[in-house]
Every structure is written in structure tokens, then in C-alpha cells.
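Beneath this line is the structure, given in C-alpha cells, with notes to follow.
In UniProt numbering, the protein residues as written are 1 to 250.
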């Protein structure tokens with residue numbers, strides 16, 4: 001199956017190579033198309049990506065002026081090839097665990113009506129960029145959190161959801177996931193660990209005031225949509241929000 005993975009990049013020279021390698025090692029699980037959108041990086045992120053393209057034709061690089069992650073994600077959606085059957089995401093400072101795609105893509109092969117798989121994520125503070133695994137002394141928690149990389153979307157579901165809402169500075173992923181679940185897709189919740197979320201000083205989610213405001217705005221928009229359209233589904237029993245209260249303990 002053709003699986004497109006969209007990766008926005010902004011000043012992630014230190015991490016983007018490891019993120020890409022974590023995807024490339026899973027090429028036996030699907031026909032990978034890795035779409036890298038550089039959002040006007042001022043470091044050597046672009047050079048790090050280009051250094052890998054010569055040996056890996058499945059990586060495609062596109063550049064835009066710095067316009068933020070939401071517009072970068074939308075640019076990635078515009079680069080999807082007609083033959084793409086599945087769509088996922090990986091942020092350029094995170095890691096896709098070995099076997100992640102093999103486990104969940106098989107569910108789509110078994111069920112042609114499946115629209116979405118939504119798996120777990122591990123939050124970690126130390127990753128060995130050689131093994132692409134958390135270090136032995138890493139602090140970690142595993143949750144079914146709110147993260148695009150936990151999802152694999154059937155292309156038809158992406159078409160139904162539409163673009164990312166460019167009003168969002170952060171929480172565009174929360175809004176997108178809520179909109180996706182609201183329309184009632186056929187989904188499963190595997191126990192696969194879909195990503196290692198790398199905690200570091202440069203995480204956008206460290207901007208707690210912005211994160212909280214944008215997250216609450218995404219929830220409010222969901223409530224308004226569902227009030228205006230009773231056919232939309234409530235979002236219950238999916239995200240482990242109580243466990244995410246441990247987020248700051250890492």
C-alpha cells in the first residue's frame with residue numbers, strides 16, 4: 001500500500017536525520033512516500049534532508065517561506081500523489097518506532113472499510129540517535145495522547161476532513177483529530193506505540209500559555225460544531241487526558 005508521511009521541518013538540523021531514518025527502516029511495511037516541508041529553516045535542516053535524498057528517492061523535499069507548522073502541513077497535503085492510499089505524519093524531532101507501520105498498515109489490508117487507526121505514543125526525554133530507541137535511563141510514559149503521528153488515515157478520510165485550520169498557531173493537530181473523529185470514521189485503537197515523542201527545550205508545547213489557549217480553542221470549536229450539527233459524534237473514550245496530566249513530570 002502507498003503510505004505518504006508528511007514531515008514539517010523548522011530548524012531541526014540536530015533531529016531531522018534521525019526522524020527520517022526511523023521512517024526509512026520501515027520501507028518493507030509499505031510503499032513509503034516521505035513528504036518533507038521545510039518551513040523556512042535558517043539552520044542546516046535543508047542540507048541534512050538533501051544529504052539523504054540521493055540515496056532514498058522516497059524522500060521528497062519542498063520549501064516554503066516561514067509561515068508556521070499549520071501551513072506547512074497543508075502544503076504537505078497538497079503534495080500527496082494520486083496513488084497515495086494512506087496518510088500519516090511525523091514531526092521532525094520525533095521517532096517512528098521500528099515495526100510501527102507493519103503493525104497498523106496490516107489492519108488496512110485486512111479491512112478495506114477501515115478509515116483510521118489511532119495508536120499510542122511514548123513521551124521520552126532521552127533517545128539514542130544511533131539505535132533510534134529511548135535510552136535505558138530515559139524517563140517515559142505511554143499514553144493514547146493527542147498527536148497526529150499516532151494516526152494513519154485512509155486517503156478518503158483525509159479528503160473528508162479537509163485542510164488544517166490555519167487560524168491555529170498550535171493545536172492544529174488537536175483540531176484536525178477532533179474533526180476527523182466527529183464525522184464518524186470506521187476506526188480501531190491498536191496498542192501499537194506509534195511514536196517516541198522527544199521532550200526537549202525546543203518543543204513548541206513548552207510554550208504552556210499558548211498551548212493551553214489553543215487547545216481550549218480547539219475544544220470550544222468542536223463543541224460549537226457538534227451543537228450546530230447533531231449528526232457529528234462526541235469524542236469520548238479515545239484520548240487518555242488524565243494520564244497526560246503527568247506530561248510535566250518528564
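In this text, a Cβ means the ideal position worked out from N, Cα and C, and glycines have one as well.
Rounded to whole angstroms, what's the CA-CA distance from residue i to residue j? Just pull it up for me.
i           : j           : result
residue 190 : residue 216 : 27 Å
residue 86  : residue 193 : 18 Å
residue 10  : residue 63  : 10 Å
residue 16  : residue 46  : 9 Å
residue 108 : residue 89  : 17 Å
residue 249 : residue 134 : Unreliable positioning characterises residue 249 in this predicted model, as indicated by a pLDDT of 45, which lies under 50. The coordinate reading is nonetheless provided below. Taking the straight line from one Cα to the other gives about 17 Å.
residue 187 : residue 149 : 15 Å
residue 247 : residue 93  : Interpretation of residue 247 is limited by its pLDDT of 48, a score under 50 that renders its predicted location unreliable; no figure is taken from the coordinates.
residue 241 : residue 161 : 23 Å
residue 230 : residue 181 : 14 Å
residue 132 : residue 179 : 32 Å
residue 52  : residue 129 : 16 Å
residue 42  : residue 20  : 19 Å
residue 26  : residue 142 : 21 Å
residue 239 : residue 117 : 13 Å
residue 184 : residue 233 : 6 Å
residue 3   : residue 75  : 17 Å
residue 198 : residue 125 : 6 Å
residue 226 : residue 121 : 27 Å
residue 214 : residue 113 : 33 Å
residue 158 : residue 175 : 13 Å
Per DSSP, what are the beta-bridge partners of residue i in this structure?
i           : result
residue 217 : Its beta-bridge partners do not exist; DSSP assigns none.
residue 193 : 120
residue 140 : 124
residue 134 : 127
residue 198 : 124
residue 152 : 117
residue 176 : DSSP output for residue 176 lists no bridge partner at all.
residue 188 : 117
residue 2   : 31
So, is residue i buried or exposed, given that buried needs 16 or more other C-beta atoms within 10 angstroms?
i           : result
residue 145 : buried
residue 73  : buried
residue 196 : buried
residue 223 : exposed
residue 119 : buried
residue 218 : buried
residue 8   : buried
residue 78  : exposed
residue 172 : buried
residue 82  : exposed
residue 212 : exposed
residue 209 : exposed
residue 65  : exposed
residue 156 : exposed
residue 54  : exposed
residue 96  : buried
At a cut-off of 6 Å, would you count residue i as near the ligand PLP, judging by its Cβ distance to the nearest heavy atom?
i           : result
residue 108 : In the structure on display, the ligand PLP does not appear, and there are no ligands present to speak of.
> Where in the UniProt domain "Glycosyltransferase 2-like" (4-113) do unbroken runs of the alpha helix (DSSP H), each at least 4 residues long, occur, reported from the N-terminal end onward?
Replying inline: 16-24, 45-53, 69-78, 100-110
> Are there three or more Cβ pairs, one per stretch, closer than 8 Å when the stretch 50-61 is compared with the stretch 29-39?
Replying inline: yes
> Is there contact between the stretch 68-82 and the stretch 163-170, where contact requires at least three CB pairs shorter than 8 Å?
Replying inline: yes
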